[in-house]
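Report on the structure given below.
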Amino acid sequence: MLAYVARMLPVAVRSSRRRDGALVSRLNRRVRLGDVDINGHMNQAAYALVMEEGRMDLVLRSGLFAHFRAEGLRPVVGEQRLVYRRELKPLQRFEMDTRLVRIDGRLVVFESHLLVGERVHTLCEAKLLVLGEDGVLSPEATREACARWITDPLPVQNWHVSPA
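Numbering-wise (our numbering), the sequence shown opens with residue 5 and increments by one.
Dropping the structure here:
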């Protein structure tokens with residue numbers, strides 16, 4: 005838990021200072037040596053942590069976190085799917101693009117792409133449930149709480165970012 009806090013705290017502090025209402029988070033990162041596995045590339049478990057940094061940056065900067073707090077709402081990950089297209093090597097630089105792209109019933113769907121140049125190395129689709137004081141919000145309440153933060157997905161074709 006302490007390692008998680010040490011990793012997320014700097015993201016939270018920086019993102020809280022840059023509350024600009026942006027609907028897209030773009031973070032520049034580098035593969036940490038502690039995230040490298042025996043095969044010499046970023047460990048699959050590290051990807052989920054990296055993707056959470058992107059979601060944290062997005063919800064803080066966009067104002068969605070403040071909205072959740074004001075309404076007494078708590079988002080929790082209900083499902084997460086990662087597609088590993090290309091490896092990331094130790095100390096390799098990459099950019100992470102994170103967006104809230106749709107609402108699917110009671111699920112709020114975030115997409116994150118790890119990019120090296122215009123090439124997608126990893127795609128993550130995280131589906132979050134939003135909890136209120138009476139439990140999971142209904143589809144209607146979820147849409148009402150989150151709809152204004154939805155934006156278009158990153159345009160990707162054949163694992164490359166394509167012109168919008």
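Glycine included, every Cβ here is placed at the ideal spot set by N, Cα and C.
Model, not experiment: these values are computed from the prediction.
Looking at the structure shown, is residue i part of a helix, part of a strand, or coil, going by DSSP?
i	result
Ser-66	helix
Val-54	helix
Met-100	strand
Leu-86	strand
Ser-20	helix
Pro-14	helix
Asp-156	coil
Leu-138	For the sequence presented, residue 138 should be read as Asp rather than Leu. Note: Asp-138 maps to coil in three-state DSSP.
Any idea which residues DSSP pairs residue i with across the strands?
i	result
Asn-43	Answer is none; Asn-43 lacks a bridge partner.
Arg-34	Arg-97
Phe-114	Leu-104 and Ala-130
His-164	Arg-123 and Gln-161
Measure the C-alpha to C-alpha separation of residue i and residue j and round it to an integer number of angstroms.
i	j	result
Arg-123	Val-165	6 angstroms
Asp-39	Leu-95	10 angstroms
Trp-163	Ala-7	32 angstroms
Asp-138	Ala-49	32 angstroms
Val-63	Val-54	15 angstroms
Leu-135	Arg-103	20 angstroms
Val-1	Pro-167	It is not possible to answer for residue 1, since the shown part of the chain is limited to 5 through 168.
State the CB to CB distance for the pair residue i and residue j, rounded to an integer number of angstroms; the pair is presumed to be in contact (CB under 8 angstroms).
i	j	result
His-125	Leu-92	6 angstroms
Leu-31	Trp-153	No, Leu-31 and Trp-153 are not in contact; Cβ-Cβ is about 18 angstroms, not under 8 angstroms.
Using a 10 Å radius around the Cβ and a threshold of 16 neighbouring Cβ atoms, would you call residue i buried or exposed?
i	result
Asp-143	With the sequence shown as reference, residue 143 is identified as Pro, and Asp is not the correct amino acid for it. Pro-143 is exposed by the Cβ-count criterion.
Arg-65	buried
Val-17	exposed
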